[in-house]
Ligand code: SF4
Ligand code: SF4
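Put into structure tokens, the structure is as follows:
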């Protein structure tokens, strides 16, 4: 699998394929991400949208953030990083994780949100997403009809403002994320949402994170 470096998730993007990996957790995550892409594509192509989305590769105001994800998505990202990143690339990610987690240590959620302009995602590099093909649902559905508006929010640090995102995109996000949480609970596996930075830290701390998660162990230490 090549490592595309794009930010947005719109029609004709290449799909994540991991058919050779016979691991239940990864297949479930892959299914959810592919389902998300199909739902987005359907929304974008079957409705007549009043305004087109303005998301383009390289636009990354929304990547100054700590994405909140499910354990399943984290396992999928961690597996990808482990498999495809070179040692020095992994080290760069680990350094960013350490920097970010020490920066937000002891902070409350609203305090973290208010300083998001100082918190680039651990996977953001040169304005691009380094895990584009396996990025989580929250990133696939994050979108706006105005990049200028996103820029304004970022530059004025008005982090209470909402992106100009279609409600349907928010619904797709909520439906898929909730489904992933429920399915994990039904399987007796850890299901609480976590920050990507925490999740990737714990993935690499664990000797066998995917199998342990499937066995119902606590893999992720959630703040
Ligand atoms: S949501 Fe906004 S910042 Fe993010 S890619 Fe789309 S237009 Fe750019
Ligand atoms: S994983 Fe990080 S860099 Fe990639 S799209 Fe999401 S926020 Fe941006």
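In the working numbering, the protein residues as written are 1270 to 1492.
We put the CB at the ideal spot given by N, CA and C, even for glycine.
For ligand 2, any of its heavy atoms closer than 6 Å to the Cβ of residue i?
i: residue 1340; result: no
i: residue 1328; result: no
i: residue 1442; result: no
i: residue 1437; result: no
i: residue 1335; result: no
i: residue 1404; result: yes
i: residue 1419; result: no
i: residue 1363; result: no
i: residue 1295; result: no
i: residue 1313; result: no
i: residue 1345; result: no
Which value, in whole angstroms, describes the spacing of the CA atoms of residue i and residue j?
i: residue 1407; j: residue 1308; result: 14 Å
i: residue 1390; j: residue 1420; result: 16 Å
i: residue 1488; j: residue 1475; result: 7 Å
i: residue 1346; j: residue 1398; result: 12 Å
i: residue 1477; j: residue 1294; result: 13 Å
i: residue 1290; j: residue 1446; result: Its pLDDT being 45, under 50, residue 1290 is placed unreliably in this model, and the coordinates cannot settle the point.
i: residue 1400; j: residue 1392; result: 7 Å
i: residue 1490; j: residue 1319; result: 43 Å
i: residue 1440; j: residue 1482; result: 27 Å
Tell whether a beta-carbon distance below 7 Å holds between residue i and residue j.
i: residue 1465; j: residue 1338; result: yes
i: residue 1452; j: residue 1305; result: no
i: residue 1344; j: residue 1479; result: yes
i: residue 1323; j: residue 1402; result: no
i: residue 1437; j: residue 1312; result: yes
i: residue 1429; j: residue 1413; result: no
i: residue 1334; j: residue 1385; result: yes
i: residue 1388; j: residue 1369; result: yes
For residue i, is the beta carbon positioned less than 6 Å from some heavy atom of ligand 1?
i: residue 1331; result: yes
i: residue 1308; result: no
i: residue 1301; result: no
i: residue 1416; result: yes
What are the boundary residues of the alpha helix (DSSP H) that residue i is part of?
i: residue 1459; result: Here residue 1459 belongs to no alpha helix (DSSP H), and DSSP marks it neither H nor E.
i: residue 1308; result: 1293–1315
i: residue 1421; result: 1416–1425
When DSSP builds the beta bridges, which residues end up paired with residue i?
i: residue 1398; result: 1393
i: residue 1464; result: 1337
7 Å is my cut-off, CB to CB: does residue i come that close to chain B?
i: residue 1474; result: Chain labels in this structure do not include chain B; a single protein chain is all it has.
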